[in-house]
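Numbering (this note's numbering), first residue to last: 221 to 506.
Encoded structure:
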């Protein structure tokens with residue numbers, strides 16, 4: 221388990237974020253200014269609505285201590301490559317999905333430490349672990365910004381080569397995401413089964429509420445159907461691998477898999493119970 225946490229997990233996450241960077245160009249960031257309202261709605265959903273709903277779900281399901289903090293860590297994570305692929309399958313606006321994923325992934329250097337600090341103070345009080353917010357931000361920078369930047373640089377230097385393998389890298393990243401989640405679950409099966417009946421329904425409730433609100437809010441604000449589907453997906457889908465990494469490498473100091481990482485692992489397993497029907501529904505809407 222120590223090898224999974226200290227070696228496989230960070231390397232796997234670095235590859236996932238690298239594959240995201242390989243798919244990005246400066247145009248993906250410039251597009252933010254060209255479609256300000258759609259982007260703003262999507263970004264605010266992820267930065268404000270998502271942690272607010274996660275907090276209410278955690279309270280409603282009686283989550284406390286490590287599990288509650290881990291649930292908020294999950295809520296702080298961006299969508300990653302998985303949300304972009306789901307957007308494509310749902311016939312949503314893939315360009316908007318990529319732009320949102322890119323910007324939210326980079327801003328997570330700021331938002332994750334803030335949400336983590338709030339969660340620890342709120343749910344653990346005097347039992348709170350000693351978490352250095354500056355160290356958290358630096359770790360987030362190393363886990364997200366660096367591999368994304370390297371991926372973008374590689375794409376710029378070798379555009380022809382990357383064009384031929386870009387989709388393969390994205391697919392490999394999704395497979396790696398699933399493998400890491402299943403490995404974490406398998407290595408901690410007793411902990412997983414002991415908390416599944418609580419965290420499973422909580423994760424499904426979080427995803428169902430966010431997917432629904434993520435679709436309705438942009439429609440109320442006059443956004444197109446494709447934009448609403450995209451914002452719904454970006455609001456609901458979180459990068460469980462990043463959540464496990466934050467929990468294992470920051471909160472627990474790399475000592476192993478604990479309750480902090482459990483919500484992200486369980487979410488990574490049960491999310492497809494909501495995602496698959498949502499994709500099928502969104503495809504029928506066109």
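Beta carbons are placed, not taken as given, at the ideal position from N, Cα and C, and that holds for glycine. Please read all numbers here as calculations on a predicted model, not as lab measurements.
In the three-state scheme derived from DSSP, where H, G and I count as helix and E and B as strand, residue 278 is classed as helix. Per the coordinates, the alpha-carbon of residue 426 lies some 19 angstroms from the alpha-carbon of residue 502. Taking one beta carbon from each stretch, the segment 427 to 445 and the segment 257 to 277 have 3 or more pairs nearer than 8 angstroms; the two touch. By the C-beta criterion, the segment 330 to 339 is judged not to be in contact with the segment 365 to 383, since fewer than 3 inter-stretch pairs fall below 8 angstroms. Per DSSP, the unbroken alpha helix (DSSP H) holding residue 295 starts and ends at 285 to 296.
About 11 angstroms separates the CB atoms of residue 319 and residue 307; that is not less than 8 angstroms, and the two are not in contact. Boundaries of the alpha helix (DSSP H) around residue 412: 409 to 440. Counting only residues of its own chain and dropping the five nearest sequence neighbours on each side, residue 288 has a CB closer than 6 angstroms to the CB of 278 and 343.
Under the three-state reduction of DSSP output, residue 378 falls in the coil class, being neither helix nor strand. The C-beta separation of residue 375 from residue 490 comes to about 34 angstroms, leaving the pair out of contact by the 8 angstroms criterion. In the pairwise beta carbon analysis, the segment 398 to 415 is classified as touching the segment 478 to 485: at least three pairs are separated by under 8 angstroms.
Here the alpha carbons of residue 463 and residue 227 stand approximately 16 angstroms from one another. Secondary structure note for residue 304: its alpha helix (DSSP H) is the uninterrupted segment 301 to 309.
DSSP places residue 260 within a helical segment (H, G or I) once states are collapsed to three. Cβ-Cβ separation between residue 230 and residue 465: approximately 6 angstroms, consistent with a contact (criterion under 8 angstroms).
For residue 245, no alpha helix (DSSP H) run applies, since DSSP gives it neither H nor E. Residue burial annotation: residue 346 is exposed, with fewer than 16 other C-beta atoms found within 10 angstroms of its C-beta. Contact between residue 301 and residue 390 holds, with the beta-carbon distance rounding to 5 angstroms and staying under 8 angstroms.
Minimum Cα-Cα distance from residue 297 among the listed residues 336, 286, 492 and 373 corresponds to 336. For the pair residue 481 and residue 285, the CB atoms are not nearer than the 8 angstroms cut-off. Nearest to residue 248 by C-alpha distance, out of 262, 453 and 323, is 323.
Distance check between residue 262 and each of 240, 446 and 461 places 446 closest, using alpha-carbon atoms only. DSSP places residue 480 in the coil class of the three-state scheme, outside both helix and strand. For residue 505, the enclosing alpha helix (DSSP H) stretches over residues 492 to 505. Residues of the same chain with a CB within less than 7 angstroms of the CB of residue 456, apart from the 5 flanking positions on each side, are 427, 430, 431 and 434 in chain order. Within a 10 Å sphere around the beta-carbon of residue 280 sit fewer than 16 other beta-carbons, which makes this residue exposed. Following the DSSP letters along the chain, one finds residue 454 inside the alpha helix (DSSP H) bounded by residues 445 to 456. Assigned with DSSP and collapsed to three states, residue 255 falls in coil, not helix or strand.
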